[in-house]
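Residue numbers (our numbering), protein chains in the order written: chain Y, 1 to 389; chain E, 1 to 389. Idealized CB from N, CA, C, for every residue including glycine. Owing to the predicted nature of the structure, the values given are computational and were not obtained by experimental measurement.
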C-alpha cells in the first residue's frame with residue numbers, strides 16, 4: 001500500500017449493494033436490488049420549468065449562499081413538517097445534499113472512535129457505512145412487525161450508554177416495517193429520559209399506499225432529543241441531492257459549522273429550482289401519482305409472492321415505502337444463492353449486509369418501486385423457482 | 001451544554017470571514033472582505049439553456065448516479081487538465097460538491113488526531129477549518145513573493161513528518177502570490193522523495209490577467225504524490241457547487257468510498273447541466289470576458305493604492321486571481337482597525353486569521369473581483385484615510 005491512511009479508513013467498505021448494482025445493468029436483468037424510484041414518474045417538465053424560472057433573472061441563483069440554506073425553502077419545510085405534527089422554525093432547519101449528508105454531519109459531531117450507536121436490526125446500510133467511517137461500534141435491537149422492541153431498547157440504553165440512536169421508523173429500508181405509534185411515543189420519552197440524541201430518518205413518510213399516517217417520533221419529542229431528517233429524493237427525485245435536518249439551536253449551530261467546513265453550502269441553484277417546483281407546481285398531485293403507481297407495484301409483487309412462494313417463506317406486507325423483506329427457512333443462505341439468481345437474470349440484496357453485528361443470512365430485500373408490474377411478475381416467478389429448489 | 005459532542009467539535013470554529021460578511025450586507029457598505037466572483041458576469045442565459053437541455057428528455061438526469069461522477073464531464077476535465085500539462089484518465093477524476101468537499105474527503109482519509117499538515121503561512125482559511133475539524137496540527141512555512149521557501153519546506157518535512165502537504169500555488173487565497181515554476185518542480189520532487197501526499201488546490205488558474213501560465217505542480221509529478229483539485233466556481237459560478245479531485249487509483253478508490261458514505265454522489269442534474277454548458281456554449285469567450293473585467297478591477301485597485309497608501313505600506317501585485325494582500329507597518333493591528341473601518345463603510349479581512357499558528361496581525365486581505373471600479377476607488381480612499389491615521 002502506497003499511503004499511510006488514517007485509522008478510520010480500515011473500516012470503510014464499499015456498499016455491497018453498489019457492487020451488486022454493477023452486474024444488474026444488463027437490459028434483460030430484472031433487478032429488485034437497487035433502492036431506486038421509478039424514473040418514468042419523475043416530474044421532468046415541472047422541474048425544467050422551475051429551473052428555467054430560477055435562472056431567468058437574478059444572478060444570485062448562481063452565487064455563493066449561506067450555509068443554512070435558502071430561507072424560503074426552509075420555511076416551506078417548516079410548514080411541511082408542521083402538517084406532520086412537528087413544531088419547528090426556519091432557524092431549526094439545515095439544507096443538506098440529501099439526507100445522507102445530514103447523517104454524516106451528525107455523526108461527525110457526536111462520534112469518537114469506539115462510541116456506541118444504537119441501531120435497529122436490520123438497519124439502512126448507508127447509515128451503517130457512515131457510522132463505521134467514524135469508528136463507531138453498534139448495539140443492534142431486534143425488531144418485529146411493529147418495529148423495535150421498546151423494552152430491549154431501554155435495556156440497551158441502560159447497559160451500553162450509546163452516544164446516538166438511529167431509527168428509520170416509517171416504511172423502513174430494508175424491511176418496509178413501520179414503528180407503531182405507541183412505541184414512537186415510548187422511544188421519544190426514553191431518548192429524553194436518558195439524554196441520548198435520537199436520529200429519526202424519515203424519507204419514505206409520504207409513500208403511503210394504505211392506512212393512516214403515523215406521527216413522526218419527533219412529534220412526541222417534548223425536550224428536543226430527536227433529530228429529524230427528511231428528503232426530497234423519494235417525492236421529487238434523488239438526482240437533485242436535496243434533504244434536510246431539523247433540530248434545536250445548540251446542535252444546529254454545530255451542524256452549520258460542520259457543513260461549512262465540509263462543502264460551504266448546498267447548491268444555490270438546486271435549492272431555488274426545487275423551491276420553485278414546490279410552490280408553483282402541483283406537488284400534491286405528483287405525490288398522489290407516484291403513490292398510486294408504487295402501490296400497484298407493491299400489490300402485484302405481494303400477490304405474485306402469495307401465489308409462487310412456498311409456505312415456509314415469510315415476508316413483510318408494508319403499507320408503504322419501496323421495499324419488501326423476505327425470510328427464508330432457517331439454514332438458507334441468500335448470499336450464496338445470489339450468484340445463481342444473477343445467472344437467471346433476477347437480482348435482490350442479501351439481508352445479511354443490513355445486520356451490523358452479523359445475522360440475517362436467510363433474509364433478503366426486494367425493491368418494487370423501480371420495476372414495472374410485468375417485470376415484477378416475471379422476476380418473482382424466476383425467484384420462486386430458484387429459491388424453492 | 002446539552003450534548004456530549006465528539007472531541008473534534010472543540011476545534012470547529014465558525015469562519016470569522018462569514019461573521020464579517022454578515023455585517024457587510026448593508027447597501028452603502030463597500031466590502032473587499034468576501035471572496036465572491038462578480039454575479040453580473042455569471043453566464044445566466046447559457047446555464048439556463050444548458051439546464052433546459054439537460055431536462056428535456058432523459059429522466060436519468062434526476063436519478064441516483066454513480067459516486068465517481070458523470071463520465072462525459074470527467075472526460076472533459078481530463079482534456080482540460082491535459083492542456084495544463086497534467087496526464088490523467090477519467091478513472092482518476094472524482095466530481096465533488098465544490099473543491100471544498102474534496103479537501104474534506106482527503107483529510108478524512110489521511111488525518112488521525114494530532115497528525116501534522118504542512119501549510120503555507122498564510123493559507124486558505126477554508127482548508128484550515130477542514131484540517132482542524134479532523135484534529136490536525138499545523139506546521140506553517142514562510143512565503144515570499146514567489147511562494148514558499150523550498151529549503152524551509154524540506155526542513156519541515158524532515159523534522160515534522162507531515163501526513164499531508166497543502167498548497168494553493170496559483171494566485172493564492174489570501175495573498176494572490178504564485179509559486180515560481182522552479183519551486184513547483186522542487187516541491188513535487190520533495191513530496192515524492194519523502195512520500196508525503198501534496199494537495200495542489202488550483203481554483204484560480206484561469207483567472208490570469210498578465211504573464212504566461214505556470215504549469216501545475218501536478219505536471220512535474222512523476223510518481224503520483226500530488227493530488228490535484230480544480231473547481232468550476234471561479235470560471236462559471238460557485239452556487240453550482242461543482243469541483244473535482246484528480247489522483248491515482250489506490251487513493252481514488254478510497255476517495256470514492258468516502259464520498260459514497262458522505263453524500264452518495266454529486267447531483268446528477270448539476271453535473272449534466274454544467275457539462276452541456278461546457279460543450280455547447282463558448283466557455284473560452286466567457287473566461288476571456290471575466291479575465292478582462294477582473295483585470296481591470298485589479299488595475300484600478302492597485303493604481304488607487306499606489307496613489308493613496310503611505311510609503312510604509314506594502315502589498316502584492318498578483319498577475320491574477322481575486323485578492324491583494326496588504327502589509328501595514330510593524331505594530332499595526334488590522335483586526336482592531338476593522339471595527340472602525342466598518343463604521344466608515346468599508347470592509348476587509350484581517351490577515352491574522354489565515355495564519356494557523358499565529359502572526360500576521362499587521363496584514364489584511366482585499367478582494368477586487370466583487371466590486372465595480374467606482375466602488376473600488378471609493379473604498380480604497382476610505383481605507384487609506386483610516387489606515388493612515
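Own chain, CB closer than 8 Å to residue 271 of chain E, minus 5 neighbours either side, in chain order:
The residues are 65, 69, 70, 73, 95 and 242.
Counterpart residues of residue 326 of chain E in DSSP-defined beta bridges:
In the DSSP assignment, the residues bridged to residue 326 of chain E are E:315 and E:364.
Name the chain Y residues whose beta carbon is nearer than 7 Å to that of residue 268 of chain E?
239
What span of residues does the alpha helix (DSSP H) with residue 75 of chain E cover, start to end?
71-83
Proximity to residue 333 of chain Y [Cα-Cα], best of Y:389, Y:357 and Y:292
Y:389
Exposed or buried, residue 136 of chain E, counting other C-beta atoms within 10 Å across all chains shown (16 or more means buried)?
buried
Coil, strand or helix - residue 186 of chain E by DSSP
helix
What residues match up with residue 229 of chain Y in a beta bridge as DSSP calls it?
Y:201 and Y:245
So, under 8 Å CB-CB, residue 376 of chain Y and residue 308 of chain Y are touching, yes? Tell me the CB distance rounded to an integer number of Å.
Incorrect: roughly 11 Å between the Cβ atoms, too far for contact.
Which two residues bound the contiguous beta strand (DSSP E) that contains residue 279 of chain E?
No beta strand (DSSP E) holds residue 279 of chain E; the alpha helix (DSSP H) holding it covers 268-280.
Which residues, taken in chain order from the segment 218-231 of chain Y, show a beta carbon closer than 7 Å to some beta carbon of chain E?
none
In chain order, what residues of the same chain have a beta carbon less than 6 Å from the beta carbon of residue 346 of chain E, not counting five sequence neighbours either side?
30, 379, 382 and 383
Burial state of residue 56 of chain Y, where buried means 16 or more other Cβ atoms lie within 10 Å
Only exposed fits residue 56 of chain Y, as fewer than 16 other CB atoms lie within 10 angstroms of its CB.
Output yes if chain E places a C-beta closer than 7 Å to the C-beta of residue 160 of chain Y; else output no.
no
Since residue 252 of chain Y meets chain E, which of its residues come closer than 7 Å, beta carbon to beta carbon?
By Cβ distance, chain E contributes nothing, its closest Cβ being about 11 Å from residue 252 of chain Y, past 7 Å.
Between residue 6 of chain E and chain Y, is the shortest Cβ-Cβ distance under 7 Å, so that the two count as touching?
yes
is_contact[residue 64 of chain Y, chain E] using C-beta, thresh 7 Å:
yes
Going by DSSP in three states, residue 256 of chain Y sits in which element: helix, strand or coil?
helix
Does the segment 137-150 of chain Y touch the segment 18-38 of chain Y, meaning 3 or more C-beta pairs lie closer than 8 Å?
no
With 7 Å set as the bound, which would you pick, yes or no: does the beta-carbon of residue 52 of chain Y sit closer than that to a beta-carbon of chain E?
yes
Assumed close pair residue 84 of chain Y, residue 216 of chain Y - CB separation to whole angstroms, cut-off 8 Å:
5 Å
Measuring straight from C-alpha to C-alpha, what distance separates residue 328 of chain E and residue 349 of chain E?
13 Å
Spatial neighbours of residue 113 of chain Y in its chain, beta-carbon cut-off 6 Å, leaving aside the 5 residues before and after:
135
Given a cut-off of 7 Å on the beta-carbon distance, is the pair residue 190 of chain Y and residue 154 of chain Y in contact?
yes
Do we get a CB-CB distance below 7 Å when we pair residue 372 of chain E with the residues of chain Y?
no
Cβ neighbour criterion (16 or more within 10 Å) applied to residue 182 of chain E
exposed
Would you kindly report the start and end of the unbroken alpha helix (DSSP H) that includes residue 117 of chain E?
That residue, residue 117 of chain E, is in no alpha helix (DSSP H); its beta strand (DSSP E) goes 116-121.
What is the rounded straight-line gap between the Cα of residue 358 of chain E and the Cα of residue 218 of chain Y?
44 Å
Using 10 angstroms around the beta-carbon of residue 326 of chain E, count the other beta-carbons present and answer buried if the total reaches 16, otherwise exposed.
buried
Among the residues of its own chain, which have a CB less than 8 Å from the CB of residue 268 of chain E, if the five just before and after it don't count?
60, 61, 62, 63, 64, 65 and 70
Of the listed residues Y:161, Y:263 and Y:203, nearest to residue 245 of chain Y (C-alpha basis)
Y:203
Buried or exposed by the 16-neighbour rule on C-beta atoms within 10 Å, applied to residue 151 of chain E:
That one is exposed.
Do residue 373 of chain E and residue 300 of chain E have their C-beta atoms closer together than 7 Å?
yes
On the DSSP letters alone, give me the boundaries of the alpha helix (DSSP H) that residue 377 of chain E sits inside.
Taken as a continuous stretch (DSSP letters only), the alpha helix (DSSP H) holding residue 377 of chain E covers 373-388.
Inter-residue Cα distance where the pair is residue 303 of chain Y and residue 319 of chain Y:
14 Å
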